[in-house]
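Per numbering that gives the first Met the number 0, the very first residue in the sequence shown carries number 0; after that it's consecutive.
Glycine included, each C-beta is placed from N, C-alpha and C at the ideal position.
Model, not experiment: these values are computed from the prediction.
Below: one structure, written as structure tokens.
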Amino acid sequence: MQTTLSFELAERGKHGLIEGKVDWKGRAATKDKHGGMRAALPILGTFMFANMADLSMAVNGTTYFNGVMNLNIADAANQITNYSGTSYILTILVAALADTYLGRFKAILITACIEFFGLGLLALQAHYAKLRPPLCNNRDPNAHCVEVHGGDAAFLFVALYLVALGSGGIKAALPSHGADQFEEDDPKEAKQMSTLFNWLLLVVCIGGAISVTLIVWIQDHKGWDIGFGLSTFAMFLGIVVLVAGLPHYRIHVVKGSSAITEVIQVYVAAFRNRKLQLPDDPSMLYEMSLDNEAATKAEFLPHTSDLKFLDKAAIQTPPTESEETNPWELCRVTQVENAKILLKMLPIFCCSIIMTLCLAQLQTFCVLQGTTMDTNITKHFQVPPASLPIIPIIFLIILVPIYDGLIVPFIRRFTGLPTGITYLQRVGVGLVLSAVSMAVAAFVEVKRKNVARSHNMLDAIPLLQPLPIHVLWLSFQYFIFGIADMFTYVGLLEFFYSQTPKKLKALSSCFLWTAMAIGYFLSTILVNIVNGATKRITKSGGWLAGNNLNRNHLNLFYCLLSTLSIINFLIYLFFAMRYKYRPQTIDVSDEAKPNELEKVDPQN
């Protein structure tokens, strides 16, 4: 049997066949014809067009809900954070379907079409006045504005959450589909995979730069219908580019079994066997025999001594070599180790939530701050407040190639790591910078309110009576947070993809997106809690209540977020310093037993 396995492995290497990957016609994928950077380019292009299509809603949607749909400031901000949170939480559903039934490419294609349809509906509603409330300046205390309601509200939210579903689906499956074009055990392709994740950020920045400048400007000056129409066209281009790359893709083969179920089985089996005594010798725990024919396609991980209570899921009573085992009572050592890895990743996952909580404010309250400030760049040109994220985006477009092409190779010489520094070191830098960003935001808001007070403009109507302080003051917080983005979000994408079990690779990016979803929902909750807690101690009825930012206490809210970010970083540091990276998988051609092999730490 061992000779047969060795022969199969030799044949695969000879012909460059890639196990578990096929081409678009269902034939075995080969290294010379499929995958690599050639296949990654259309995937990157699709991500660029997708971000171009939907980022304008995230940064300018508050203005749309407040100025067109007549919601008050807090409700408008909450609607956008709810939309963003829903989009990210839906990544779990799409990723599970992609891993189990659809496949990653089909999942991307279907959800891209859904987003295209949703954006088209938004453009339609923005074009026809009968589908939205009458125009009204809700910043005028004497105006009686009617909020969107009834059938118009239903139309709006159906379209909005179709976009959320489509956007979430692309985020769920596209990074994993891109990583599928490379093999982790190939040193050359492992470096290219690291480049892919850096370039993912680069194309997101390029698409975002167009979205927050051109599309936002069109929305504010030429009409929301034209702006949404341009977003719809961008999504159409993304679909075309995705399909154009089909002949070159390595497509992951769908097994039809749920890897999530296998993880749950470990926890159930460990609970059922909680009263059993663990054997002194870990080799007595259950693992698939290498002589088993199924071992040719199985993943093997060595036993570790962490989280020993989960080892009880692999206790054999009595020891058996039979294949007929109840998976809810007896699990493989590899299955147990995968469950351990996911559990150990949980603190890192939780510590990434607070950063998204900060990001939500840059997409909502910071934009509303900008509407009260001087937006003139020249006598004939004004910068839309929602376009301020272009500052860190431009910086990242320049920095990412430098970081990937110069800094990473230089650091790699000293560390020997394909990524230069470890994933968790990269994340830690970003978490610190996010705390600094919120502190700077608090300082700038204090300055803005002092200008309003000193010029007797506390009740000035935004846009009509701008304060004599330039909107570019807000660029400092955007700039710092942009650098934090480069470190944290790319680091988390790489971390989750590298540490997640093979069968859960599509779900790997969902750990990041889910953390972001929780952060957006937490923003809504925190705004309501803060307003409720400060309602009786402020004249405005809460730190963030009402439509007048000049009389609110947004600066104190930013200070609260900065403090939470610092505490979050200290907690992250505690867990990150104790985290042990996932061991390499074991080749079935090795003579030793899987649970007796020594663990190899790829990042330490």
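Limits of the unbroken alpha helix (DSSP H) element including residue i
i	result
Thr45	Gly35 to Gly66
Val178	The residue asked about is misnamed: residue 178 is Ala in this sequence, not Val. Taken as a continuous stretch (DSSP letters only), the alpha helix (DSSP H) holding Ala178 covers Gly149 to Ala178.
Trp223	Trp223 to Ala243
Gly84	Ile72 to Leu96
Phe308	Segment: none, Phe308 is in no alpha helix (DSSP H) and carries neither H nor E.
Met283	That residue, Met283, is in no alpha helix (DSSP H); it is neither H nor E in DSSP.
Lys274	No alpha helix (DSSP H) holds Lys274; DSSP gives it neither H nor E.
Met354	Ile352 to Gln362
Rounded C-alpha distance that separates residue i from residue j
i	j	result
Asp98	Ser193	22 Å
Phe115	Phe409	42 Å
Trp327	Ile263	9 Å
Pro301	Val445	56 Å
Val203	Ala233	13 Å
Ala359	Phe348	18 Å
Ser474	Asp22	46 Å
Ser83	Ala208	19 Å
Ile482	Leu277	48 Å
Gly605	Val526	The structure shown does not extend to residue 605, since the chain is modelled only from 0 through 603, so no value can be given for it.
Phe196	Asp151	40 Å
Asn546	Met372	15 Å
Ser453	Leu161	46 Å
Asp53	Ser230	7 Å
Thr303	Cys330	15 Å
Thr355	Asp279	45 Å
Asn375	Lys187	49 Å
Phe480	Tyr422	18 Å
Lys604	Gln464	Summary: the structure shown does not reach residue 604, with the chain confined to residues 0 through 603, and so no result is reported for it.
Tyr127	Pro41	35 Å
Per-residue DSSP class, three states only, for residue i
i	result
Pro467	strand
Asp373	strand
Glu146	coil
Val21	strand
Ala459	coil
Ala544	coil
Ile314	coil
Gln381	strand
His552	coil
His220	helix
Ile389	helix
Glu10	A caution first: Glu10 carries a pLDDT of 47, below 50, which makes its placement in the model too unreliable to give a value.
Ile340	helix
Ile479	helix
Ile397	helix
Ile250	strand
Glu444	helix
Tyr578	coil
Trp512	helix
Assumed close pair residue i, residue j - CB separation to whole angstroms, cut-off 8 Å
i	j	result
Asn69	Val147	7 Å
Leu395	Leu342	About 33 Å separates the two Cβ atoms, so there is no contact after all.
Val426	Gly490	4 Å
Met456	Leu471	With 8 Å as the limit, Met456 and Leu471 do not qualify as a contact, their Cβ atoms being about 19 Å apart.
Asn549	Ala451	4 Å
Arg363	Ala76	Note that residue 363 corresponds to Thr in the displayed sequence, not to Arg. Thr363 to Ala76, Cβ: 4 Å. Contact.
Ile390	Tyr488	18 Å between Cβ atoms; not a contact.
Leu173	Ile88	That pair is no contact at about 17 Å.
Beta strand (DSSP E) segment containing residue i, residue limits
i	result
Thr194	Where Thr194 is concerned, there is no enclosing beta strand (DSSP E), although the alpha helix (DSSP H) it sits in stretches over Pro186 to Ile209.
Thr29	Ala27 to Thr29
Other residues of its chain near residue i: CB distance less than 7 Å, five sequence neighbours each side excluded
i	result
Val428	Phe486
Ala247	It should be pointed out that residue 247 corresponds to His in this sequence rather than to Ala. Here the set comprises His33, Arg37 and Ala38.
Gln78	Phe64 and Leu70
Glu292	Low per-residue confidence applies at Glu292: pLDDT is 47, beneath 50, and the placement is therefore not dependable, though the value from the model is reported in the following sentence. Contacts found: none.
Ala434	Ser561, Ser564, Ile565 and Phe568
Near the ligand ZN: residue i beta-carbon under 7 Å from a heavy atom
i	result
Asn81	Absent from the structure shown: the ligand ZN. Ligands present: none.
Residues near residue i by beta carbon distance below 8 Å, same chain, minus five either side
i	result
Thr90	Gly167, Gly168, Lys170, Ala171, Ser508, Cys509, Trp512, Thr513 and Ala516
Gln315	Met283, Leu284, Tyr285 and Leu329
Tyr266	Leu309, Ala312 and Ala338
Residues of its chain near residue i, where Cβ-Cβ distance is below 6 Å and the 5 sequence neighbours each way are ignored
i	result
Val215	Ser55, Asn59, Pro383, Ala385 and Ser386
Glu597	Caution applies to Glu597, whose pLDDT of 40 falls short of 50 and renders its modelled position unreliable; the value that the coordinates give is listed next. So no residue of the chain qualifies.
Thr418	Ser193
Gly540	Lys534
Ile113	Leu161, Leu164 and Gly165
Gly206	Met47, Asn50 and Met51
Lys190	Pro417
Ala440	Gln476 and Tyr557
Glu261	Gln334
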